[in-house]
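Participant: First, the structure itself, so that you have it in front of you.
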């Protein structure tokens, strides 16, 4: 249950967060120095970089006198106990791995913000009923590291019991050639216990999950805002390898009106999807899309022939399940219309579907109230990238996220974050956690 | 000067053309049998297939008591002399080479039609003032056979003195690795004399050039017509390697409205060109176009990224120089507008330009009159493919063409022609030549 925080407490917390910033800065600097790569940083899941980060945050937690425990998958929990040992815990989580040659803040910022919050709670003398635990999560960037049949977000899914036993063998790290299970064992943890369960985390032990993360897009930068409240994590619906099949013909002698031109038909489809986006965007709906891959057949196409085939991909993303469904229907309907008009055949294949995650409204409301209390502009937005918060939501644990402005894009060495923005984000995170923990 | 042909002569000529069809059929059969390849026929310029065809038609010409001469490039002239040795000759020309694995009629039909006309003139006892010469032309399909810097249509261009001396060395046959000059010499002709000149043919010795050819597109098939009168040979204006440059970005986290999506921008351009075609087509203009090659960058693109670049080609073809100019201007203007709207850059490169050939109106009129006299539907059309008639026009020799229906496309083994259609085309050709030769 959220409890309002009075102005004096808010002020005390704000000052304490400011006082915790040197610790945070030192952690960022240490990580940047000791997990650096030829470009950016590299913290492979269960590899040298991630292991270094775990040692570093655990040392810090020990200095802050937090209680440290590990689960069988190697996730680390750093807890400031509450006054009521029967109350369900509040988690502040994020991941410590990075993509290869990634940025220093993606993931780590959320863990370091959590530690800063707990340092501030201590220095401000804040008491709270529920335990507040910073969770340092493994292998959130699994999509960049592990091949094989797995569902991503491996660390949080293992903690929550959402992983299939087979994934521990099926997921193989691209650079090492070793399975997830082998990596877990080599780091001293227990893959068999991960498989056997029970899950380390569950809704009956955790009341809510908070995650601070750098924004992966330019929205806050564009809006000139330091922080945003995430209301949803976009799901996606995708066509991996769609085709448009027309007919190759003499490019000079075939009248335009009888051609079965796959390039024109595909362009027509793309522009119809674009117009559908315009309509939904104008109506305030959350939606992005890209035909990221498009090509005529290099074995057959030529400057002087009517193009008889295209292949293309389509990635539709939205925070709203309804919008995804609307777009899927639009693509299928428009393709059928174009088939009739332009004498081509679309072989779209099946749309994949990864449902959007709608974050917890009461927690969003708490964050909005926090923005007001802290005199920050209130700005809600969808997350374009995936996050561990999805998995907590899936496991029935109410979740919320705070985004911090990032000027230079995601998953690149150039990723950037101002410490002043980080401080504002951490202030908001701390305020909301304090309110939620009945401080 | 064209002279009307009376009904009795028309009737006599029609019967004589019919009587010449067995000779024509035998020539087609012999060629199909003796120049066949694994698929279709192959008659490489100056190679076995073309050489066989030359021997075959020369034997036929000898049987028909025509006067045979060769020029330095190896083109063959088979002449029925006129009554006035001072009158300028009329040529009926076409080529004997084929593309690799091509059809039996593309090129050869025009030579065989010429021989049928001269056989018919003899059997009908037609006298004509001007010499009428069937010209069997070398290497019209040079674009499919010769690499290197050459201007194509090599046989006719050598006969007309339109070839640069350097082309005889620069043009190298892909399969043999030998230059055009070497091939000419190996067939017993004289590449040095081709280089030195003078040209074998010129406007002061030739009054007009007629060419019968199978249509390379489906227009006559679609219109249910056996023959068409060609009024122009489409030129083209081309972009070989245009680029659209946007920006790669996170496909989930980048708001749609700030993307620099090269695929959407390129599709937008394609559909604007399509709408311009619709307008010009509705106004009765001759125009076709194709973006035959289109691709995102396989090294960089991905399902989940905003596409930051496309490459594409554009081939615009028209029988009208004005329409080509209009379309070029449209592409450039629309690209500029899209650049501003969609925050991309188009690097179109320079448009190449091969001007259309507008055939000779008085000869077109003669063919139209011939259609009426022979009770054939009058139908004018543009040629989508290039032909030797372009070169004769360029050399100042008035030219005309007759197309014969072809059901199954051009430059393929499946190319097809009905002998009944060929007979109608030959009848029209014979009528027009007779009229032009003051029979």
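Chains as they are written, first to last, in this note's numbering: chain A, 6 to 444; chain B, 6 to 444.
Note that beta-carbon positions come from the ideal geometry of N, C-alpha and C, so glycine has one too.
Would you please verify whether the beta carbon of residue 301/B is less than 8 Å from any beta carbon of chain A?
Facilitator: yes
Participant: Per DSSP, residue 300/A is paired with what?
Facilitator: 316/A and 300/B
Participant: By the 10 Å Cβ neighbour count, where 16 or more other Cβ atoms means buried, how is residue 10/B classified, buried or exposed?
Facilitator: buried
Participant: In terms of residue numbering, what span does the beta strand (DSSP E) encompassing residue 94/A cover?
Facilitator: 94-100
Participant: When the distance is taken between beta carbons, is residue 217/B closer than 8 Å to residue 199/B?
Facilitator: no
Participant: According to DSSP, simplified to helix, strand and coil, what is residue 67/A?
Facilitator: helix
Participant: What residues in its chain sit with their C-beta under 8 Å from that of residue 15/A, if we drop five residues either side in the sequence?
Facilitator: Excluding residues within five positions, the ones whose Cβ falls inside 8 Å are 378, 379 and 436.
Participant: Have a look at residue 35/A and residue 409/A and give me their C-alpha separation to the nearest angstrom.
Facilitator: Cα to Cα, residue 35/A sits roughly 21 Å from residue 409/A.
Participant: Taking the C-alpha atoms as reference points, what is the distance between residue 339/B and residue 280/B?
Facilitator: 11 Å
Participant: Who are the Cβ neighbours of residue 129/B in its own chain at under 7 Å, not counting the five residues just before and after it?
Facilitator: Correct list, in chain order: 17, 18 and 21.
Participant: When you compare the region 417-436 of chain A with the region 25-39 of chain A, are there three or more beta-carbon pairs, one atom per stretch, that lie closer than 8 Å?
Facilitator: yes
Participant: If you draw a straight line from the alpha carbon of residue 157/B to that of residue 395/B, how long is it in whole angstroms?
Facilitator: 11 Å
Participant: Is residue 422/A helix, strand or coil when you go by DSSP?
Facilitator: Residue state, collapsed to three classes: coil.
Participant: Go ahead and label residue 122/B buried or exposed: buried means 16 or more other beta carbons lie within 10 angstroms of its beta carbon, across all protein chains shown.
Facilitator: buried
Participant: Give the C-beta separation of residue 319/B and residue 296/B to the nearest angstrom, bearing in mind that I take them to be a contact with Cβ-Cβ under 8 Å.
Facilitator: 5 Å
Participant: With a cut-off of 8 Å on the beta carbons, I'd call residue 300/B and residue 301/A a contact; round off their distance for me.
Facilitator: 6 Å
Participant: At the 8 Å Cβ level, is residue 155/A part of the contact set with chain B, yes or no?
Facilitator: Contact of residue 155/A with chain B is not assigned, every C-beta pair being separated by 8 Å or more.
Participant: Hey, does residue 307/B have any beta-carbon neighbour from chain A nearer than 8 Å?
Facilitator: yes
Participant: Under 8 Å, Cβ to Cβ, is there at least one residue of chain A near residue 275/B?
Facilitator: yes
Participant: Specify the secondary structure class of residue 248/A as computed by DSSP and reduced to three states.
Facilitator: strand
Participant: Roughly how many angstroms separate the alpha carbons of residue 419/B and residue 284/A, rounded to a whole number?
Facilitator: 48 Å
Participant: Tell me which residue opens and which closes the beta strand (DSSP E) that residue 397/B is part of.
Facilitator: No beta strand (DSSP E) contains residue 397/B, which is instead part of the alpha helix (DSSP H) from 393-399.
Participant: Please confirm whether residue 150/B has its beta-carbon closer than 8 Å to some beta-carbon of chain A.
Facilitator: no
Participant: Quick one: Cα of residue 162/A to Cα of residue 168/A, how far?
Facilitator: Our two residues, residue 162/A and residue 168/A, have alpha carbons roughly 5 Å apart in a direct line.
Participant: I think residue 325/B touches residue 298/B, with their Cβ atoms under 8 Å apart; what is that distance to the nearest whole Å?
Facilitator: In fact, because the Cβ distance is near 25 Å, the residues do not count as touching under 8 Å.
Participant: Give, in chain order, every unbroken run of the beta strand (DSSP E) that is at least 3 residues long and sits entirely within the region 71-146 of chain B.
Facilitator: 72-75, 81-85, 94-100 and 137-142
Participant: Quick check: the region 50-58 of chain B against the region 140-149 of chain B, are at least 3 beta-carbon pairs closer than 8 Å?
Facilitator: Result yes; three or more Cβ-Cβ pairs closer than 8 Å.
Participant: Pairing CB atoms from the region 72-91 of chain B with CB atoms from the region 183-196 of chain B, are three or more of them under 8 Å?
Facilitator: yes
Participant: Closer than 8 Å between beta carbons: that is the criterion. Which residues of the region 236-260 of chain A meet it against chain B?
Facilitator: 239, 241, 243, 245, 254, 255, 256, 257, 258, 259 and 260
Participant: Applying the criterion that 16 or more other CB atoms from any shown protein chain within 10 Å of the CB defines a buried residue, is residue 228/B buried or exposed?
Facilitator: exposed
Participant: So which residues on chain B does residue 282/A lean against when the C-beta distance must stay under 8 Å?
Facilitator: 261
Participant: Does the Cβ-Cβ distance between residue 159/B and residue 170/B come in under 8 Å?
Facilitator: no
Participant: Strictly below 9 Å CB to CB, what residues from chain B border residue 227/A?
Facilitator: For residue 227/A, the chain B residues whose Cβ falls inside 9 Å of its Cβ are 260 and 263, in order along the chain.
Participant: Determine whether the Cβ of residue 327/B lies closer than 8 Å to any Cβ atom of chain A.
Facilitator: So, not an interface residue.
Participant: Classify residue 17/B as helix, strand or coil using the three-state DSSP reduction.
Facilitator: Under the three-state reduction of DSSP, residue 17/B is assigned to helix.
Participant: Taking 8 Å as the CB-CB cut-off, is residue 216/B touching chain A?
Facilitator: No, its Cβ sits nowhere closer than 8 Å to a Cβ of chain A.
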